[in-house]
Amino acid sequence: MKKMITLRVDQSFLGDLKRGYPLILKDAVVNTDMLSEEGELIRLVDRANRYVATGYYGIQNKGIGWVLTTKEHEQIDDAFFKTKLKTALDHRTDFFEDSQTTAFRVFNGEGDGIGGLSIDYFNGYYMVSWYSEGMYSFKKYVYDALAELVEFKAIYEKKRFDTKGQYIEQDDFVMGEPGDFPIIVKENGMNFAVNLNDGAMTGIFLDQRDARRTIREYYSEDVNMLNTFSYTGAFSVAAALGGAKETTSVDLAKRSLAKTIEQFSVNGIDYEAQNIKVMDVFDYFKYAARHAMKFDLVVLDPPSFARSKKMTFSTAKDYPKLLMDAIAITEKNGIIVASTNNASFSMKKFKTFIDKAFKDLDTRYKIVEQSSLPKDFRTNRDFPEFNYLKVVFIKKLNK
């Protein structure tokens, strides 16, 4: 049995926790000095010692843990994890039955009732991501539940909780028959090559599925497309399959070249007819402006934070400048897909970045559509901050 620590909730945070707010903030607890080891169970009480919730101690971003239940006598044991996982799997029945999409999220942390844990499915393989040492201490419960509830070729894991909250390098294989990577998964009929045992990344960001489909179906035909911070070129693949005349993929990482070629190739696209640039995105903007290059479709999906030899980029403060660079090389009536996965600001705040960029360039615009996380990334609608993804399709209008 795990050790249970009783912590008193600061009165100002009591209302949110009672409403179901799942993250235990450090400031929400009066006596954090009682905590000693991640993975300890936490019994939250008010100042009159009345029960509020049960959670666990696990340091993740601005939190010291997550609420697991508000039922005082519910046990946090193997049956608890199995029930949560089975419920999550049942919610994804439609995905499991869709032959055109074989990669999706089957467990989305706090949206499925256990913060700090996510599980993704890749065509018979499962990948479990652990976001704190505390959550990782429950690994036996999770792996036992998976082994009992699903059939799998193999299970892999990503431990994303070193001292800076980053991925810990290791052999990520857990159980089953090791995969012969890359494997091919489908997404709305498109093919993507995936490697589950090659560092932090897999080759595809599953949360952008809806944006890729929208680009392919509505914004690609006969366009000249620029994909910035392109990673493995998934947006470019979607545009090419949607009928784009030409795509240009730009990413600073050297491995992006081979990975992007691979993604084009598994879809039967001639990669030599596309442009793949390994260079700093901001340098590419300058290059494009010098050569009077214009694009009909520009995708901006930067990391929340990035550092190169020349500069440091943060979406929270630098997105308007990034957007201005994109606007300058976008054709009139062209589309800019502005996206961010930064959870520290809202969609409303993100739209102020968009408005500032266009106003500073004295350019008119129209938001034609917007989206957030796809439905397999379940979230609590009462707490929109956990629905971190913001995608806005913007049309650059004539003056």
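Sequential numbering from 20 applies to the sequence shown in my numbering.
Just so it is clear, CB atoms sit at the ideal spot from N, CA and C, and this is done for glycine as well.
A quick note: this is a predicted structure, and the numbers were derived from the prediction, not measured.
- For the pair of segments examined, the stretch 331-350 was found to touch the stretch 363-380: the number of CB pairs separated by less than 8 Å reaches three.
- With respect to the 8 Å criterion, residue 81 and residue 44 are classified as neighbours on the basis of their beta carbons.
- The residue from 42, 47 and 170 with its alpha-carbon nearest to that of residue 128 is 42.
- The stretch 349-366 and the stretch 410-417 touch, with no fewer than 3 CB-CB distances between them shorter than 8 Å.
- In this model, residue 20 and residue 97 are separated by some 11 Å (Cα to Cα).
- The C-beta separation of residue 258 from residue 234 comes to about 6 Å, placing the pair in contact by the 8 Å criterion.
- With fewer than three CB-CB distances shorter than 8 Å, the stretch 101-111 does not count as touching the stretch 177-187.
- Within 10 angstroms of the beta-carbon of residue 159 lie fewer than 16 other beta-carbons, which makes it exposed.
- With fewer than 16 other beta carbons inside 10 angstroms of its own, residue 241 counts as exposed.
- Beta-bridge pairing by DSSP links residue 42 to 85.
- Where residue 179 is concerned, there is no enclosing alpha helix (DSSP H), because DSSP gives it neither an H nor an E.
- Annotation: the continuous alpha helix (DSSP H) that includes residue 115 extends over 112-115.
- Three or more beta-carbon pairs separated by less than 8 Å are not found between the stretch 109-129 and the stretch 65-80, which leaves the two stretches without contact.
- As far as DSSP is concerned, residue 312 takes part in no beta bridge.
- Contact check for residue 23 against residue 60 passes: the beta carbons are separated by less than 8 Å.
- Around the beta carbon of residue 71, a 10 Å sphere encloses 16 or more other beta carbons of the protein chains shown; the residue is thus reported as buried.
- Counting the other CB atoms within 10 Å of its CB gives residue 387 a total below 16, which places it among the exposed residues.
- Per DSSP, the unbroken beta strand (DSSP E) holding residue 146 starts and ends at 144-149.
- Measuring C-alpha to C-alpha distances from residue 151 to each of 289, 32 and 75 identifies 75 as the nearest.
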